[in-house]
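The block underneath contains the structure these notes are about, expressed in structure tokens.
Numbering (this note's numbering), first residue to last: 34 to 148.
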């Protein structure tokens, strides 16, 4: 879902922005909010975290159980949460991180809305 926005014209969103954009409508996220996450690309998210990871936490900040599940499953897939560690150890490409985080968020939020 988020891949259609990741590094694609006309805007070329980074990892965090692409995921935020993909979940914009259902979370009532403004374009200004998405633009704020431009600084989260390239390992510049909080504590050097992956932007895809960090925006997942942002989207789930009011759902602690889902946030914990997101953290666990993100780490299972990527091994690390630090952008530097992910890139240095070649555990997953940015494209695959965006895909994985977006799919994981969609799965978690869809399953929680059914309960």
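Don't be surprised by glycine CBs; every beta carbon is placed ideally from N, CA and C. This one's a predicted model, so the numbers in the text were calculated from it and none came from an experiment.
Classified as exposed, residue 122 has fewer than 16 neighbouring CB atoms from the shown chains inside 10 Å of its CB. With respect to the 7 Å criterion, residue 88 and residue 55 are not classified as neighbours on the basis of their beta carbons.
Per DSSP, reduced to three states, the secondary structure at residue 39 is strand.
Counting only residues of its own chain and dropping the five nearest sequence neighbours on each side, residue 68 has no CB closer than 6 Å to any other CB.
In the DSSP assignment, residue 86 falls within the alpha helix (DSSP H) that extends over 84-92.
Shown here, residue 63 sits in coil according to DSSP, grouped into three states, outside any helix or strand.
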